[in-house]
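From first to last, the protein sequence lines are chains A and B. Take the first sequence: its letter number 48 is residue 300 in the numbering used here, and every next letter is one higher. Take the second sequence: its letter number 336 is residue 588 in the numbering used here, and every next letter is one higher. Down below is the structure, laid out as structure tokens.
Number of protein chains: 2
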Amino acid sequence: MSRRPTIRDVARVAGVSTVTVSRVGNDPALVSPTTRARVEQAMRDLGYVANAAARSMRTRLSRSIGCLVPDLVNYPNAAIAQAAERHLAAAGYSLLLTSSDYDPAAEVRALEALRTRQVDGLLLYVSDETDPALTRALARLDMPLLVLDRTLPVDADTLLSAHGPALREAVRYLAGLGHRRLAIMLPGLPVRPVVERRRAFLAATAEAGLDPLAQRVVEVPPGDHHRLRAAQDLLAGPAAPTAVLVEGSRQVRAVLAAARGLGRAIPHELSLIALDASDIATVTTPELTTVTRDYEEIGRVAAGLLLERLAAPGAPWRRVELESRIELRGSCGPVPGDRG
Amino acid sequence: MSRRPTIRDVARVAGVSTVTVSRVGNDPALVSPTTRARVEQAMRDLGYVANAAARSMRTRLSRSIGCLVPDLVNYPNAAIAQAAERHLAAAGYSLLLTSSDYDPAAEVRALEALRTRQVDGLLLYVSDETDPALTRALARLDMPLLVLDRTLPVDADTLLSAHGPALREAVRYLAGLGHRRLAIMLPGLPVRPVVERRRAFLAATAEAGLDPLAQRVVEVPPGDHHRLRAAQDLLAGPAAPTAVLVEGSRQVRAVLAAARGLGRAIPHELSLIALDASDIATVTTPELTTVTRDYEEIGRVAAGLLLERLAAPGAPWRRVELESRIELRGSCGPVPGDRG
DNA sequence: GTGGCGGATGAAAACGTCAACATCGAACTG
DNA sequence: CAGTTCGATGTTGACGTTTTCATCCGCCAC
Numbered sequence: 253m254s255r256r257p258t259i260r261d262v263a264r265v266a267g268v269s270t271v272t273v274s275r276v277g278n279d280p281a282l283v284s285p286t287t288r289a290r291v292e293q294a295m296r297d298l299g300y301v302a303n304a305a306a307r308s309m310r311t312r313l314s315r316s317i318g319c320l321v322p323d324l325v326n327y328p329n330a331a332i333a334q335a336a337e338r339h340l341a342a343a344g345y346s347l348l349l350t351s352s353d354y355d356p357a358a359e360v361r362a363l364e365a366l367r368t369r370q371v372d373g374l375l376l377y378v379s380d381e382t383d384p385a386l387t388r389a390l391a392r393l394d395m396p397l398l399v400l401d402r403t404l405p406v407d408a409d410t411l412l413s414a415h416g417p418a419l420r421e422a423v424r425y426l427a428g429l430g431h432r433r434l435a436i437m438l439p440g441l442p443v444r445p446v447v448e449r450r451r452a453f454l455a456a457t458a459e460a461g462l463d464p465l466a467q468r469v470v471e472v473p474p475g476d477h478h479r480l481r482a483a484q485d486l487l488a489g490p491a492a493p494t495a496v497l498v499e500g501s502r503q504v505r506a507v508l509a510a511a512r513g514l515g516r517a518i519p520h521e522l523s524l525i526a527l528d529a530s531d532i533a534t535v536t537t538p539e540l541t542t543v544t545r546d547y548e549e550i551g552r553v554a555a556g557l558l559l560e561r562l563a564a565p566g567a568p569w570r571r572v573e574l575e576s577r578i579e580l581r582g583s584c585g586p587v588p589g590d591r592g
Numbered sequence: 253m254s255r256r257p258t259i260r261d262v263a264r265v266a267g268v269s270t271v272t273v274s275r276v277g278n279d280p281a282l283v284s285p286t287t288r289a290r291v292e293q294a295m296r297d298l299g300y301v302a303n304a305a306a307r308s309m310r311t312r313l314s315r316s317i318g319c320l321v322p323d324l325v326n327y328p329n330a331a332i333a334q335a336a337e338r339h340l341a342a343a344g345y346s347l348l349l350t351s352s353d354y355d356p357a358a359e360v361r362a363l364e365a366l367r368t369r370q371v372d373g374l375l376l377y378v379s380d381e382t383d384p385a386l387t388r389a390l391a392r393l394d395m396p397l398l399v400l401d402r403t404l405p406v407d408a409d410t411l412l413s414a415h416g417p418a419l420r421e422a423v424r425y426l427a428g429l430g431h432r433r434l435a436i437m438l439p440g441l442p443v444r445p446v447v448e449r450r451r452a453f454l455a456a457t458a459e460a461g462l463d464p465l466a467q468r469v470v471e472v473p474p475g476d477h478h479r480l481r482a483a484q485d486l487l488a489g490p491a492a493p494t495a496v497l498v499e500g501s502r503q504v505r506a507v508l509a510a511a512r513g514l515g516r517a518i519p520h521e522l523s524l525i526a527l528d529a530s531d532i533a534t535v536t537t538p539e540l541t542t543v544t545r546d547y548e549e550i551g552r553v554a555a556g557l558l559l560e561r562l563a564a565p566g567a568p569w570r571r572v573e574l575e576s577r578i579e580l581r582g583s584c585g586p587v588p589g590d591r592g
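Following this line, the structure appears as structure tokens:
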């Protein structure tokens, strides 16, 4: 593989200086039409593409964005990342994607790598809001940050989802169906959506006049084994909840499996609302009532906010909140043996 | 935001030359322990990270890999990309990810962008094997290519999945259950897996002694509307197949919906085998018998092949094939009203 | 006719890093 | 003790691009 043609090769072939070639690429209006045509012809003939490394060294801009997600296989993450990539690419930015597998140490390493690579900004979906090493690494970073659905003590723009309102609506809906013993299963991660949902669940059940002692919040450690076990523990016994809200399709799977194992039919003997699991909501029987979000919108808005920040580095920090919504399907029903 | 510290700043603080600093980063053994310690301290104090653009300009290596996938939301793609990213990152490479949305023109544009960005190699999952513009762009690329599950007329290493054997096994299994009218639904994309599966389906049904005229191959254009329509058309009528093989979870959804709409119960009135849809296979009722692959393995091997190619640019091209396997679950049963 | 202006182009330098070569002293060899 | 080797460090220049400033030419206004 021979050396790639440089701006100098193009200049020589077109009989102009390198500056002129550069201008054809960056600000064509500065070059006369005849010269421009000659240069463009030379570029085509040689198969010239600008060397981004050299350009980025000179301009101190890499036109690339780093993106850190905990898990790309998780449907919402993939959908958000894909939408963001699409919009960043349209603006001429490339996406450097890293998946941390929920490991804060891996995230710190990834941040270092992205810093070395001179990304112009960062799309950040961290897996632990409380990790001090991570917070320190972020503060040291000194570049535009767009934080997704996290509360972090750093200067950054933030794009949040409003998890509370739709979840309250879901709880009211279940209470309206006569349920008095609810549970919510959340991943055991120190991140905002979990905090918000727990809070909204407790507030909404209290508002609905349900006995606080009969409501359960279960935080599940990662690993399918734990997920299944937690679901089985929750659903077994006479005081088991009659309705559960479950975050994430992996945990939903576990609950479906546990319910099947225990012979609890959905929705007749157990009502189920899935949170952020729209990838499987319409293939189960019955289909799942879901609290979901518009992931395409999230990715799009995130990309937009970051691009605006890059264009206006001095502007005040922004904090945007997008709605969640409830989608009623068939996984909820009245309480079995309702006393009403 | 002030200028980031450079190798020169570190050199000044540590009282050494820039080369020494460079060596501490790249080949520490060349530097005496005391000097090294002093340099490392200075790096920490200043928060120095090397500028990858400058390094890459000097070394002509970017230590980044481009990855082109048609759709990141598609579970197998996400799983493969994530596994590849993990292994590339472990080797010090970053992943530039682009999703083309099945648009060959977008793929050509993305290739141009990745070329400009001087990626050292490419992980390529194109959406059209036959597009001449794409093939031309690839030939022009002049960098190590790892082609995933495609047959492309370019010099490249190739990682294939063996789609045929497991699919033949699936057909034999269905024939063994008494099915005489089978169908296969494939996406209407000119790519190798579709070609392979079509061929294997036709060969296996013939081998099983089934009337060739009663077997149907349906190629479905993209779009959920088309998917549902195609499924309804296929399943309606007296000559409808009693068993279908369906590629991709989106099409599987459509078939499930159509079957439900037509009142055809699975597996009693319709047998279903899903191809590459393991994300939903265990949440449906009944769970789906599936032909699937080890996506983590694919991503890992792909990354490994590419890394080996980067280490040995002159080695002969490689062509690796990984197995598929069938996972029996509950979506297949004997033919309704079997004459046997 | 001269001064000035704007459009088109070029020369030179700089971005941050590393490779190639040079230097220097100390330790070893015979 | 001279010659050789080796380990540790430094000097210089180049990678490919863009920025800054300068030049040149023709044209217009006064």
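Ideal Cβ positions, reconstructed from N, Cα and C, are used throughout, including at glycine.
Going by other Cβ atoms of all chains shown within 10 Å of its Cβ, with 16 needed for buried, is residue i buried or exposed?
i, result
"B/T494", "buried"
"A/G461", "exposed"
"B/T536", "buried"
"B/R591", "Low confidence applies to B/R591: its pLDDT is 46, below 50, so where it sits in the model is not reliable, and the reading given next is rough at best. B/R591 should be labelled exposed."
"B/M253", "Below a pLDDT of 50, predicted positions are generally treated as unreliable, and B/M253, at 42, falls in that range; no measurement from the model is reported."
"A/V500", "Sequence inspection shows Gly at residue 500 of chain A; the Val mentioned does not correspond to that position. Buried, by the Cβ-count rule."
"A/E573", "exposed"
"B/L540", "buried"
"B/P464", "exposed"
"B/C584", "buried"
Between which residues of its own chain and residue i is the CB-CB distance below 6 Å, once the five residues before and five after are set aside?
i, result
"A/L363", "A389"
"A/A335", "E548, G551 and R552"
"B/L412", "D401 and E573"
"B/S346", "S316"
How far does the beta strand (DSSP E) with residue i in it extend, from its first residue to its last?
i, result
"B/D409", "D409 to S413"
"B/V283", "Where B/V283 is concerned, there is no enclosing beta strand (DSSP E), given that its DSSP letter is neither H nor E."
"A/R577", "S576 to E579"
"A/G416", "Note, A/G416: premise wrong, no beta strand (DSSP E); alpha helix (DSSP H) at G416 to G428."
"A/A330", "A/A330 -> not in any beta strand (DSSP E); alpha helix (DSSP H) instead, spanning Y327 to A342."
"A/S308", "First-last for A/S308: A304 to T311, but that is the alpha helix (DSSP H), not the beta strand (DSSP E)."
"A/I436", "L434 to P439"
"B/T350", "S346 to S351"
Please report the residue range of the alpha helix (DSSP H) in which residue i lies.
i, result
"B/G318", "Here B/G318 belongs to no alpha helix (DSSP H); instead the beta strand (DSSP E) covers S316 to V321."
"A/M395", "Per DSSP, A/M395 belongs to no alpha helix (DSSP H) and is neither H nor E."
"A/L562", "Y547 to A563"
"B/S274", "T270 to N278"
"B/I259", "I259 to A266"
Output needed for residue i: all residues of its chain with C-beta closer than 8 Å, excluding positions within five of it in sequence on either side, in chain order.
i, result
"B/A302", "I259 and G277"
"A/T382", "P442"
"A/V268", "T287, R290 and V291"
"A/R369", "S314, S316, G318 and L348"
"B/P586", "L429 and G430"
"A/A509", "L480 and A483"
"B/S274", "I259"
Identify, in the order they occur along the chain, each residue of the same chain with its Cβ nearer than 7 Å to the Cβ of residue i, setting aside the five sequence neighbours on each side.
i, result
"B/P473", "G440"
"A/M309", "none"
"A/A488", "L514"
"A/P405", "T387"
"B/R570", "D409 and L557"
"B/H415", "P445, E448, R449, A452 and S576"
(message) If we require 4 or more residues per run, which alpha helix (DSSP H) segments fall completely within the region 441-525 of chain A?
(response) Runs of the alpha helix (DSSP H) lying entirely within the region 441-525 of chain A and spanning at least 4 residues, in chain order: 444-459, 476-487 and 501-514.
(request) Could you tell me whether the region 413-425 of chain B touches the region 446-461 of chain B, using the rule of 3 or more Cβ pairs below 8 Å? (result) Result yes; three or more Cβ-Cβ pairs closer than 8 Å.
(message) Taking contact to mean 3 or more Cβ pairs, one atom from each stretch, closer than 8 Å, check whether the region 308-321 of chain A and the region 287-296 of chain B are in contact.
(response) These segments do not touch.
(request) Take every Cβ of the region 575-583 of chain B, pair it with every Cβ of the region 538-545 of chain B, and state whether three or more of those distances are shorter than 8 Å. (result) Cβ pair count under 8 Å is three or more, so yes.
(message) Does the structure place the region 526-535 of chain A close enough to the region 370-386 of chain A that three or more beta carbon pairs sit under 8 Å?
(response) no
(request) Kindly confirm or deny that the region 323-333 of chain B and the region 558-566 of chain B touch, where touching means at least three C-beta pairs closer than 8 Å. (result) no
(message) Does the contact criterion of 3 or more C-beta pairs under 8 Å hold for the region 477-495 of chain A versus the region 505-520 of chain B?
(response) no
(message) Below 8 Å, how does it come out for the region 395-403 of chain B and the region 423-439 of chain B: are there three or more Cβ pairs, yes or no?
(response) no
(request) Can you check the region 359-404 of chain A for any alpha helix (DSSP H) of at least 4 residues that lies completely inside it and give the ranges in chain order? (result) 384-393
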